[in-house]
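Below is one structure, written out as structure tokens, with a few remarks after it.
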Amino acid sequence: MRVQSALKSDRLCKSLTGLTILEFTQLVDSFKKNLLEARIKVRPDRLRALGGGRTGNLVTVEDKLFFSLMYLKCYPTYDVLGWIVGFHRTRACQQVLFLLPVLEQTLGRQLVLPTRKISSPEEFMKLFPGVKEVFGDATERRVQRPKNQKRQKKLYSGKKKTHTRKNIILSDEKKRILVLTKTKSGRRHDKRLADKENLFQNLPDTVTAWVDTGFEGIQHYHPNSLIPVKKTRKSKHNPDPPPLTRKQKESNRLISSFRVVAEHAISGIKRYNCLQQPFRNKIKRLDDTFMLLSAGLWNYHLQLSK
Numbered sequence: 004m005r006v007q008s009a010l011k012s013d014r015l016c017k018s019l020t021g022l023t024i025l026e027f028t029q030l031v032d033s034f035k036k037n038l039l040e041a042r043i044k045v046r047p048d049r050l051r052a053l054g055g056g057r058t059g060n061l062v063t064v065e066d067k068l069f070f071s072l073m074y075l076k077c078y079p080t081y082d083v084l085g086w087i088v089g090f091h092r093t094r095a096c097q098q099v100l101f102l103l104p105v106l107e108q109t110l111g112r113q114l115v116l117p118t119r120k121i122s123s124p125e126e127f128m129k130l131f132p133g134v135k136e137v138f139g140d141a142t143e144r145r146v147q148r149p150k151n152q153k154r155q156k157k158l159y160s161g162k163k164k165t166h167t168r169k170n171i172i173l174s175d176e177k178k179r180i181l182v183l184t185k186t187k188s189g190r191r192h193d194k195r196l197a198d199k200e201n202l203f204q205n206l207p208d209t210v211t212a213w214v215d216t217g218f219e220g221i222q223h224y225h226p227n228s229l230i231p232v233k234k235t236r237k238s239k240h241n242p243d244p245p246p247l248t249r250k251q252k253e254s255n256r257l258i259s260s261f262r263v264v265a266e267h268a269i270s271g272i273k274r275y276n277c278l279q280q281p282f283r284n285k286i287k288r289l290d291d292t293f294m295l296l297s298a299g300l301w302n303y304h305l306q307l308s309k
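Using the numbering used here, read the sequence shown as starting at 4 and increasing by one per residue.
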């Protein structure tokens with residue numbers, strides 16, 4: 004791979020990997036250590052020393068890191084990826100499945116991966132001691148329509164009018180992803196998914212939660228929540244509901260202007276095309292891995308941008 008030519012331009016490096024040249028080079032040493040551990044772990048009974056045998060197409064550590072980041076950023080098919088690097092599509096798939104866990108471990112040791120679950124208010128305060136406000140939102144991304152009718156129904160999102168998978172994120176005021184829930188079907192309602200994860204039940208009372216109307220009702224168990232006021236719907240028993248007052252509209256605009264931080268955090272994650280394009284892989288839980296890695300890379304970018 005022509006990695007060195009890509010590392011001469013920040014614009015080109017960001018287009019291919021989502022990281023600047025500085026961010027990429029600072030990740031190499033940590034990735035190298037984790038790659039060595041993974042190679043020993045996958046073949047603990049090896050007789051030949053590491054590095055023996057034929058020379059592969061991904062020769063250096065930089066090549067392997069660039070390869071894994073390029074897959075997440077550009078999300079080519081394995082045929083295209085294999086053609087770019089110079090090997091068969093099956094080998095491209097094998098390399099992706101081997102290198103992505105190495106990248107995940109690397110980001111974990113950089114302390115940039117978001118927490119997947121909060122079990123208690125005390126745990127939240129221990130993990131994020133300086134956080135006084137969180138901004139919550141759900142994010143969906145398309146998947147290929149399943150052939151099985153039951154799975155079609157399970158994944159169909161009435162909001163997006165297509166088949167999706169969903170996560171809920173909590174970010175801080177600096178757009179850092181603090182909590183990322185497990186990936187679930189897009190059919191589930193935002194609040195139902197949050198309740199199943201006990202997301203807002205385990206927030207400390209001192210932490211203010213800024214959310215949208217999709218989480219209406221969380222104020223019953225987390226009173227320190229700010230949610231826009233919903234307009235009353237027309238119904239058979241209430242054919243002419245009163246409109247929102249001027250004060251309510253102003254309050255809604257104020258809440259939305261603060262809560263937009265969560266939207267900016269999600270847009271930062273979705274710089275990676277593996278979340279923009281419809282998910283087409285068949286490997287179980289790989290879509291969750293894509294989301295976790297993209298969130299970790301976004302946090303890593305913010306960490307070095309300070």
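Yeah, the Cβ is synthetic: ideal placement off N, Cα and C, and Gly gets one too.
In the DSSP secondary-structure assignment, tryptophan 213 is bridged to Phe138, Leu229. Isoleucine 180 is bridged by DSSP to Ser174. Note that the region 173 to 193 touches the region 265 to 285; at least 3 beta-carbon pairs, one per stretch, sit closer than 8 angstroms. In the three-state reduction of the DSSP assignment, phenylalanine 203 falls in the coil class. Around proline 242, the same chain offers no residue with a beta carbon nearer than 8 angstroms, after the five sequence neighbours per side are excluded. Contact between arginine 283 and glutamine 147 holds, with the beta-carbon distance rounding to 5 angstroms and staying under 8 angstroms. The count of Cβ pairs closer than 8 angstroms, one atom from the region 275 to 282 and one from the region 224 to 238, stays below three, leaving the stretches out of contact.
Taking the C-beta atoms as reference points, phenylalanine 261 is found no nearer than 8 angstroms to leucine 278. Taking C-beta separations shorter than 7 angstroms and ignoring five residues to either side along the sequence, the partners of leucine 183 in its chain run Pro117, Arg119, Asn170, Ile172, Met294, Leu295, Ala298, following chain order. Comparing C-alpha distances from valine 31 to each of Val45, Gly55, Ser71, Gly54 shows the shortest one belongs to Ser71. Non-local beta-carbon contacts of lysine 237 in its own chain, meaning distances under 7 angstroms to residues more than five positions away in sequence, involve Pro244 in chain order. The residue among Ser259, Lys199, Lys178 with its C-alpha nearest the C-alpha of threonine 216 is Ser259. Annotated three-state conformation of phenylalanine 90 is coil, per DSSP. Counting only unbroken stretches of 4 or more residues, the alpha helix (DSSP H) elements lying wholly within the region 103 to 170 are 124 to 130, 152 to 158, in sequence order.
Taking the CA atoms as reference points, threonine 20 sits about 31 angstroms from tyrosine 159.
Between aspartate 290 and threonine 211, the gap from beta carbon to beta carbon reaches 8 angstroms or more.
The Cβ atoms of alanine 265 and glycine 133 do not sit closer than 8 angstroms to each other. Ranked by how close their Cα comes to the Cα of glutamine 29, the residues Lys252, Leu75, Leu110 have Leu110 in first place. Taking each of Arg94, Ile180, Gln98, Lys287 in turn and checking the Cα distance to alanine 141, the smallest one comes out for Ile180. Nearest C-alpha to glycine 189 among Trp213, Gln155, Leu206: Gln155. Apart from sequence neighbours up to five positions away, no residue of its chain approaches glutamate 253 with a beta-carbon distance below 7 angstroms. Lysine 194 is a Cβ neighbour of glutamate 219, given a cutoff of 8 angstroms. The Cβ-Cβ distance between leucine 22 and histidine 304 falls below 8 angstroms. By the neighbour-count definition (other C-beta atoms within 10 Å, threshold 16), glutamate 65 is a buried residue.
A check of alpha carbon separations from leucine 100 across Tyr74, Thr235, Pro149 identifies Tyr74 as the nearest. Counting only the Cα atoms, leucine 38 lies some 18 angstroms from glutamate 26. Inter-residue distance for glycine 89 and phenylalanine 131 is about 45 angstroms (C-alpha atoms, whole angstroms).
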